[in-house]
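Just so we're aligned, residue 0 is where the sequence shown starts under numbering that gives the first Met the number 0, counting upward by one.
Glycine is no exception: its CB is placed at the ideal position from the N, C-alpha and C atoms.
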Amino acid sequence: MVAALDSVTLDQIRLFVCVAEQGSFSAAGRRLRRAQSAVSVGVANLERSLGVQLFDRSGHRPVLTEAGKSLLSDARKVLDDVGALGRRAASVAQGLELEVGLAVDAVLPSKLLIAAARAFRDAYPTVSLRIRTEVLDAVVSLVLDGSCRIGIAGPVGVDVPGIERRFLAHVPMVAVAAPDHPLAAVTDSISHAVARDHVQIVISQRAATTNSGVHGVLSDATWRVADASTKLDLIRAGLGWGNLPLEMVREDLDSGRLVRLTLDEWGPDPLLAPLFIVTRRDAPPGPAGLWLLETLLSLGPLGSEQGAAPGDGGGG
Numbered sequence: 000m001v002a003a004l005d006s007v008t009l010d011q012i013r014l015f016v017c018v019a020e021q022g023s024f025s026a027a028g029r030r031l032r033r034a035q036s037a038v039s040v041g042v043a044n045l046e047r048s049l050g051v052q053l054f055d056r057s058g059h060r061p062v063l064t065e066a067g068k069s070l071l072s073d074a075r076k077v078l079d080d081v082g083a084l085g086r087r088a089a090s091v092a093q094g095l096e097l098e099v100g101l102a103v104d105a106v107l108p109s110k111l112l113i114a115a116a117r118a119f120r121d122a123y124p125t126v127s128l129r130i131r132t133e134v135l136d137a138v139v140s141l142v143l144d145g146s147c148r149i150g151i152a153g154p155v156g157v158d159v160p161g162i163e164r165r166f167l168a169h170v171p172m173v174a175v176a177a178p179d180h181p182l183a184a185v186t187d188s189i190s191h192a193v194a195r196d197h198v199q200i201v202i203s204q205r206a207a208t209t210n211s212g213v214h215g216v217l218s219d220a221t222w223r224v225a226d227a228s229t230k231l232d233l234i235r236a237g238l239g240w241g242n243l244p245l246e247m248v249r250e251d252l253d254s255g256r257l258v259r260l261t262l263d264e265w266g267p268d269p270l271l272a273p274l275f276i277v278t279r280r281d282a283p284p285g286p287a288g289l290w291l292l293e294t295l296l297s298l299g300p301l302g303s304e305q306g307a308a309p310g311d312g313g314g315g
């Protein structure tokens, strides 16, 4: 027998779920402020349409059959999906976006991103958030082509026509290597001549074939990766040295898994890599995106834009 699904109504599904949760037709009727007979008839009509018996009525109280148990989760999902549809439709009617696209530089501190994402979820539960992690000017490219309305980018590529930028934060960057790496044994500040003889792990764009656009490169020998986590893994393995966000390597430094390097080129203090929020002037974010932008700005500043040391935005 083929189920006559065209005759199934949301009301019938709601009655089925309520009876299962309340344990009786009368309790479901009280819960829904409906007559017990109406609840019973609605469930019976659903059973007829589906071609299965959902409840065993032979006892004092209705008991879910095996078919009823199997279909209950599906019925709940239908109600959840319809509820979500209604909430999203209401959001659209209010002018809210269905989705906000956010492109972020790989060196963005995770605690900042998580705090902003959590606040966004609580403020706009019906709006989806799509986060893309990129490096260098790839973040700006995603904003320019409309893939993302908001970007968090390093200094590379932010000064282009049509892009509006606002300073967000300084990310402290430190040069690190594994304890068994030759540079880790250098007790004094490391000269450019010494550093250039060792492989430097640098972040570059996925399609890059040269070091063009990659800042903070001292070594003649470089290995290029497309993300900070791969860079960290290679440095931990002793395969090279490089700059990484202090937040990312703090535990490794504390545990001795990595050691910090001091280089003549940059001095003893961390490099400060500036991050900017970027948007298109002709396509600003909608209400939810604008709220996210302002929230990021309120959470973001880690220092002052003035006096920033030349950072690489994650490259070296």
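*From the DSSP output, in three-state form, read off H191 for me.*
Helix at H191.
*Where do the ends of the beta strand (DSSP E) carrying P108 lie?*
No beta strand (DSSP E) contains P108, which DSSP labels as neither H nor E.
*Count the CB pairs spanning the segment 211-230 and the segment 111-126 that are closer than 8 Å, and state whether there are at least three.*
Counting C-beta pairs with one atom in each stretch, the segment 211-230 and the segment 111-126 have fewer than three that are closer than 8 Å, which means they do not touch.
*Can you tell me whether DSSP reads Q199 as helix, strand or coil?*
Strand.
*Please check the pair A102 and E133, which I expect to be a contact at CB under 8 Å, by giving their CB distance rounded to whole angstroms.*
Confirmed, about 6 Å.
*How is the beta strand (DSSP E) around W290 delimited, first residue to last?*
W290 -> not in any beta strand (DSSP E); alpha helix (DSSP H) instead, spanning 286-298.
*Find the nearest neighbour of D316 within the set T294, T8, G150, G145, judged by alpha-carbon distance.*
The requested residue 316 is not part of the displayed model; the chain covers only 0 to 315.
_Cβ-Cβ separation, H169 to A404 (assumed contact under 8 Å), whole Å_ = One cannot answer for residue 404 here, as it falls past the ends of the chain, which runs 0 to 315.
*From G67, P154, D251, D80, pick the residue whose C-alpha is nearest to that of L275; which is it?*
A quick correction: the sequence has Phe, not Leu, at residue 275. The residue with the shortest Cα to Cα distance from F275 is P154.
*Could you tell me whether the segment 184-197 touches the segment 112-121, where touching means 3 or more Cβ pairs closer than 8 Å?*
Taking 8 Å as the limit for Cβ pairs, the verdict is that the segment 112-121 does not touch the segment 184-197.
*asked:* Could you tell me the alpha carbon to alpha carbon distance between V201 and A220, rounded to whole angstroms?
replied: When rounded, the distance between both Cα atoms is 10 Å.
*Using the beta-carbon count (16 or more within 10 Å), is I113 buried or exposed?*
With fewer than 16 other Cβ atoms inside 10 Å of its own Cβ, I113 counts as exposed.
*With DSSP run on the structure shown, which of helix, strand or coil describes P125?*
Residue identity differs from the one stated: residue 125 is Thr in this sequence, not Pro. In this structure, DSSP gives T125 a state outside helix and strand, which the three-state scheme calls coil.
*Residue of L270, L231, F15, E246 minimising C-alpha distance to S69*: Measuring from the Cα of S69, the nearest candidate turns out to be F15.
*Helix, strand or coil for A207 per DSSP?*
In this prediction, A207 has a pLDDT of 43, which is less than 50 and means its spatial position is unreliable; what the coordinates show is noted afterwards. Correct three-state label for A207: coil.
_Three-way DSSP call (helix, strand, coil) for G82 in this model_ = Residue state for G82 is assigned as helix, using DSSP reduced to three classes.
*Buried or exposed: which applies to K110, given that a residue is buried once 16 or more other Cβ atoms fall within 10 Å of its Cβ?*
Around the CB of K110, fewer than 16 other CB atoms lie within 10 Å, so the residue is classed as exposed.
*Say the cut is 6 Å; is the CB of A88 nearer than that to a heavy atom of the ligand GTP?*
By its list of ligands, the structure shown contains no ligand whatsoever, and the ligand GTP lies outside what it can speak to.
*Check the C-beta distance from R32 over to Q21 and give it rounded, since I have them as a contact under 8 Å.*
That belief does not hold up - the Cβ atoms of R32 and Q21 are roughly 13 Å apart, past 8 Å.
*Could you check the C-alpha separation between V175 and L71 for me, to the nearest Å?*
When the Cα atoms are used, V175 and L71 turn out to be separated by approximately 55 Å.
_Whole-angstrom distance between L143 and G161, CA atom to CA atom_ = Rounded to whole angstroms, G161 and L143 show a C-alpha spacing of 8 Å.
*asked:* Output needed for G299: all residues of its chain with C-beta closer than 7 Å, excluding positions within five of it in sequence on either side, in chain order.
replied: Shown here for G299: same chain residues with a beta carbon closer than 7 Å to its own, the five before and five after excluded, namely L111, L167, A168 in chain order.
*Limits of the beta strand (DSSP E) - the one that D104 falls within*: Counting along the chain, the unbroken beta strand (DSSP E) around D104 starts and ends at 98-104.
_Alpha-carbon spacing of A192 relative to D253, whole angstroms_ = Looking at the two C-alpha atoms, the distance is approximately 28 Å.
*Can you tell me whether DSSP reads D10 as helix, strand or coil?*
DSSP places D10 within a helical segment (H, G or I) once states are collapsed to three.
*Going by C-alpha distance, which of L95, P108, V159, D158 is nearest L128?*
From the listed residues L95, P108, V159, D158, the smallest Cα separation to L128 is found for L95.
*Comparing alpha-carbon positions, which option in D73, A89, V18, V42 lies nearest R60?*
Scanning D73, A89, V18, V42 for the CA closest to the CA of R60 turns up V18.
*Top-ranked residue by Cα proximity to P286, from G41, E46, V99*: Measuring from the Cα of P286, the nearest candidate turns out to be V99.
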